[in-house]
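Asker: Before we start, here is the structure in question, set down as structure tokens.
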Amino acid sequence: MYRTHHCGELRKEHAGRKVKLAGWVDSRRDHGGLVFIDLRDREGVTQVVFDPSSSPQAAELSHELRSEFVVQVEGEVSPRPEGTANAQLPTGAIEVRAANILVLNRSGALPYPLDDTSVNEDLRLEYRFLDIRRRLMQSNLHQRHRVVKVIRDDLDEKGFWEIETPILSKSTPEGARDYLVPSRVHPGLFYALPQAPQQYKQLLMVAGIERYFQIARCFRDEDLRADRQPEFTQVDLEMSFPSQEEIFALVEGMMRRIWKEVLGMTLPEEFPQMGYRQAMDRFGSDKPDTRYGMELGDFTEVFRSSSFKIFAGAVQAGGVVKAINVKKFADVTTGQIEQLTEMAKSFGAKGLAWIKVEGGEWKSPIVKFFSDCERQSLSKNLNVEEGDLILFAAGEWRASCEILGRLRMHLAELLTSQGKLSIDPKAWNFLWVKDFPLFMKDPETGRLAAMHHPFTRPHPEDEQKIETDPMGVRAQAYDIVLNGVEIGGGSIRIHEAALQKKMFKALQIPDETVQEQFGHLLKAFSFGAPPHGGLAIGLDRLVMLICGASSIREVIAFPKNARAQDLMSHSPSPVESKQLRDLQIEIKKK
RNA sequence: GGAGCUGUAGCUCAAUUGGUUAGAGCACCGCCCUGUCACGGCGGGGGUUGCGGGUUCGAGCCCCGUCAGCUCCGCCA
Numbered sequence: 000m001y002r003t004h005h006c007g008e009l010r011k012e013h014a015g016r017k018v019k020l021a022g023w024v025d026s027r028r029d030h031g032g033l034v035f036i037d038l039r040d041r042e043g044v045t046q047v048v049f050d051p052s053s054s055p056q057a058a059e060l061s062h063e064l065r066s067e068f069v070v071q072v073e074g075e076v077s078p079r080p081e082g083t084a085n086a087q088l089p090t091g092a093i094e095v096r097a098a099n100i101l102v103l104n105r106s107g108a109l110p111y112p113l114d115d116t117s118v119n120e121d122l123r124l125e126y127r128f129l130d131i132r133r134r135l136m137q138s139n140l141h142q143r144h145r146v147v148k149v150i151r152d153d154l155d156e157k158g159f160w161e162i163e164t165p166i167l168s169k170s171t172p173e174g175a176r177d178y179l180v181p182s183r184v185h186p187g188l189f190y191a192l193p194q195a196p197q198q199y200k201q202l203l204m205v206a207g208i209e210r211y212f213q214i215a216r217c218f219r220d221e222d223l224r225a226d227r228q229p230e231f232t233q234v235d236l237e238m239s240f241p242s243q244e245e246i247f248a249l250v251e252g253m254m255r256r257i258w259k260e261v262l263g264m265t266l267p268e269e270f271p272q273m274g275y276r277q278a279m280d281r282f283g284s285d286k287p288d289t290r291y292g293m294e295l296g297d298f299t300e301v302f303r304s305s306s307f308k309i310f311a312g313a314v315q316a317g318g319v320v321k322a323i324n325v326k327k328f329a330d331v332t333t334g335q336i337e338q339l340t341e342m343a344k345s346f347g348a349k350g351l352a353w354i355k356v357e358g359g360e361w362k363s364p365i366v367k368f369f370s371d372c373e374r375q376s377l378s379k380n381l382n383v384e385e386g387d388l389i390l391f392a393a394g395e396w397r398a399s400c401e402i403l404g405r406l407r408m409h410l411a412e413l414l415t416s417q418g419k420l421s422i423d424p425k426a427w428n429f430l431w432v433k434d435f436p437l438f439m440k441d442p443e444t445g446r447l448a449a450m451h452h453p454f455t456r457p458h459p460e461d462e463q464k465i466e467t468d469p470m471g472v473r474a475q476a477y478d479i480v481l482n483g484v485e486i487g488g489g490s491i492r493i494h495e496a497a498l499q500k501k502m503f504k505a506l507q508i509p510d511e512t513v514q515e516q517f518g519h520l521l522k523a524f525s526f527g528a529p530p531h532g533g534l535a536i537g538l539d540r541l542v543m544l545i546c547g548a549s550s551i552r553e554v555i556a557f558p559k560n561a562r563a564q565d566l567m568s569h570s571p572s573p574v575e576s577k578q579l580r581d582l583q584i585e586i587k588k589k
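Sequential numbering of the first sequence, starting at 0, is according to numbering that gives the first Met the number 0.
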């Protein structure tokens, strides 16, 4: 037996006990005579003392110890001498007086200090096995485990069955780029790794499972971000005979339980809901961060016949004029204005109109065109005060909202760093965003595309408009947003073959393609498919927020870097030419 | 594909306006140290300043190119 206790366990009441501990040398303090080491395992740290007067052999050996050696220590638990207890440490009242020590394994000099948080991330990723020894990473992975445990318990109690679906599945043209897996048995044919178990979970509903969930690994071959990895984990769930409100209540209950059991916090009984249109109008985002204000104001009517032709022109072209009030930022520099303008342009704006309110005056290149009435409307609706900076966007509705929405996010970060805006670090602002449009215009082809996915059910009131006014059709689709991060989304699905066909028609997907790609689904829908719906929660993002981390890489044991490489195992990598021959694949030389 | 930031010892950083032998703390090695807990003290080793080119009497610093990392846009729910 390697150990009788773990390193976070021993207390005063164990005094006098003979114990064995095993773990890593966290730090050593070698006094020449007395030697102290902090022995660490997953559960904590215990001080071990080597005294040459009681155990000369162990004391002699202890000089050899270095950081991260793995050792086994045998000794007696002893209360620390008067005045030497360490109140910072749960085990700080005692120490283990070593009678014997066994070095189970040595460690080379570390490539970087494990107690330093500001180390290059590529180095941390290369030595991930060391990185995960750090207390913070251990805590993050433990939190993740606890979240998943609560989710499984919660869904189990609510009658959901955990069912696995294939990883080797079928490529579909919709959505993200697929990761492909070549078939050896069928040369020239490919499996695709699932972007989500979407079709399978709908088929499970047709199959009468009624309530399904899966902690599902999903794959998307797109460029990475701080909150996007090529492989990530979804809590995927689907239920039969649901209403949208039932799904909301289910997820709210799950979140409440996670916050209770993992963070010890109580969340509200109901989460607020907001329509997509309102979210865009007020926050310029379909995942608004409602922890701070800076809401968008609408001045379309005010400037309809303004003498400022840029605004009036935008309105007459069917567009809008929107503005935000950036509080306390009238001291913005010319350089910063330029930077904001560049940013607005990169989001599709033609320029960025602004007003500084300084010394009781409105300083701006455009304000001379404004009538008193226009000024009053701005002043009143944006609550304009001394020291404010007003920013405008004019043009097409969605683009104008998005431009200001992105500036709003950027400025919130900037103002926070300047101490001009404070966001409650303990705030957990959940929000349901619902009534998304069913369709969007594909900017490349100009054709309709599914906003969520092609199986999304239209809002019952709008179903008739699919052929006549598709862009005006709302979907029974919803996202759950936490502090401005989209942590999940889903929809009520189409369960009738006829409606599904209508949908494919609106999307201009040719019949042969429909049969080829989705024939099995349509066939399933013709055999008594129940009404069904569900959603998927991005587990990595959820845990990231719970851990207060700024990247999902901090809550994934072995993540990939921004170029989709694993720096530790060096994947992706070349393969043997025999492997390629088996697959009948040839690599084109550049 | 595009933009921004970063790149100096194993790690974290410094190096005045372009100026002599590129420094410090930690880590590593050696010696000393019996109540430390980021122990302390003395000494030592360790550098192609990411790489290539240019300007200059002289480049870590300026210019051009390139590579790498991160963040964002595009892309992606």
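Using N, Cα and C, we set each Cβ at its ideal position, and we do this for glycine too.
How many angstroms separate the CA atom of A523 from the CA atom of Q277?
Answerer: About 37 Å.
Asker: I need the boundaries of the beta strand (DSSP E) containing G274, first residue and last residue.
Answerer: 272-274 is the extent of the beta strand (DSSP E) around G274.
Asker: How about V34 and R41: do their beta carbons lie closer than 9 Å?
Answerer: The answer is no: Cβ separation not under 9 Å.
Asker: Once DSSP output is grouped into helix, strand and coil, what is the label at T512?
Answerer: Three-state DSSP puts T512 in a helix.
Asker: Give the single residue among A58, I36, V76 whose Cα lies nearest to the Cα of E8.
Answerer: The candidate whose alpha carbon is nearest that of E8 is V76.
Asker: Could you give the uninterrupted runs of the alpha helix (DSSP H) lying entirely in the region 266-333, keeping only those of 4 residues or more?
Answerer: For the region 266-333, whole alpha helix (DSSP H) runs of length 4 or above, ordered along the chain, are 275-282, 308-315.
Asker: Which partner residues of K440 appear in the DSSP bridge assignment?
Answerer: Its beta-bridge partners are L447.
Asker: Leaving out five residues on either side along the sequence, give the residues of the same chain with a beta carbon under 7 Å from the beta carbon of L88.
Answerer: So the list reads V44, once near-sequence residues are dropped.
Asker: For F310 and D297, I'd like the C-alpha separation in whole angstroms.
Answerer: Their Cα atoms are separated by approximately 12 Å.
Asker: Whose CA, out of I354, G489, F159, A322, lies closest to the CA of F328?
Answerer: When each option's Cα is compared against that of F328, the closest is I354.
Asker: Under three-state DSSP, which class holds Q213?
Answerer: Q213 falls in the strand class under three-state DSSP.
Asker: I'd like to know whether the C-beta atoms of R407 and V484 end up nearer to each other than 9 Å.
Answerer: Not a contact, by the Cβ cut-off of 9 Å.
Asker: With a cut-off of 8 Å on the beta carbons, I'd call L521 and A505 a contact; round off their distance for me.
Answerer: Contact flag wrong, Cβ pair sits at about 15 Å.
Asker: Which runs of the beta strand (DSSP E), 3 residues or longer, sit entirely within the region 69-150?
Answerer: For the region 69-150, whole beta strand (DSSP E) runs of length 3 or above, ordered along the chain, are 69-78, 93-104.
Asker: Would you decide whether E268 is buried or exposed? Buried here means 16 or more other CB atoms lie within 10 Å of its CB.
Answerer: Flag for E268 reads exposed.
Asker: If you measure between the beta carbons of I402 and G347, is that distance less than 9 Å?
Answerer: A contact, by the Cβ cut-off of 9 Å.
Asker: By alpha-carbon positions, which one of L430, K349, P457, A313 ends up nearest to A248?
Answerer: Nearest option by C-alpha distance: L430.
Asker: Using only the alpha-carbon positions, how far apart do W427 and H5 sit?
Answerer: Going from the Cα of W427 to the Cα of H5 covers about 35 Å.
Asker: Do I214 and Q228 have their CB atoms nearer than 9 Å?
Answerer: Not in contact: I214 and Q228 (Cβ atoms no closer than 9 Å).
Asker: Below 8 Å on the Cβ atoms is my guess for R446 versus H458; work out the distance and round it to an integer in Å.
Answerer: In fact, because the Cβ distance is near 22 Å, the residues do not count as touching under 8 Å.
Asker: DSSP three-state label for I545, please.
Answerer: If DSSP states are grouped into helix, strand and coil, I545 belongs with the helices.
Asker: Report the residue ranges of all beta strand (DSSP E) runs contained in full by the region 363-440; include only those spanning at least 3 residues, in chain order.
Answerer: Qualifying beta strand (DSSP E) stretches, in chain order: 388-394, 429-433, 438-440.
Asker: DSSP three-state label for G532, please.
Answerer: The answer is strand: DSSP assigns G532 an E or B state.
Asker: Using DSSP with H/G/I as helix, E/B as strand and the rest coil, what is G471?
Answerer: Of the three classes helix, strand and coil, the one that applies to G471 here is helix, per DSSP.
Asker: When DSSP labels each residue in this structure, what does M502 get in the three-state scheme?
Answerer: It is helical.
Asker: Using the Cα positions of M567 and Q499, report the straight-line distance between them to the nearest angstrom.
Answerer: Spanning the two alpha carbons is a distance of roughly 46 Å.
Asker: Would you identify the three-state DSSP class for M204, choosing helix, strand or coil?
Answerer: In the structure shown, M204 sits in a helix (DSSP, three-state: H, G or I).
Asker: Using a Cβ-Cβ cut-off of 6 Å (strictly less than) and excluding sequence neighbours within five positions of S182, which residues of its own chain qualify?
Answerer: Excluding residues within five positions, the ones whose Cβ falls inside 6 Å are L188.
Asker: Near P529, what residues of its chain come up, given a Cβ to Cβ distance below 7 Å and the 5 sequence neighbours on each side ignored?
Answerer: Answer for P529: M204, S239, F240, H494, listed in chain order.
Asker: Three or more C-beta pairs closer than 8 Å, one from the region 137-152 and one from the region 538-555: is that the case here?
Answerer: Counting Cβ pairs under 8 Å, three or more are found: they touch.
Asker: With DSSP run on the structure shown, which of helix, strand or coil describes M254?
Answerer: Residue state, collapsed to three classes: helix.
Asker: Pop quiz: Y211 and L192 are said to be a contact at Cβ under 8 Å. What is the actual Cβ separation, rounded to whole angstroms?
Answerer: Not really, about 20 Å apart at Cβ, beyond 8 Å.
Asker: Starting from A58 and walking both ways along the alpha helix (DSSP H), at which residues does that stretch end?
Answerer: It spans 55-61 - the alpha helix (DSSP H) in which A58 sits, taken as one unbroken run.
Asker: Anyone know if the C-beta pair for F231 and G488 falls short of 9 Å?
Answerer: Taking 9 Å as the Cβ cut-off, F231 and G488 do not qualify as a contacting pair.
Asker: By the three-class DSSP mapping on this structure, what secondary structure does R27 have?
Answerer: Strand.
Asker: Between the Cα of E337 and the Cα atoms of P469, A352, F128, which residue gives the shortest distance?
Answerer: Closest option to E337, Cα to Cα, is A352.
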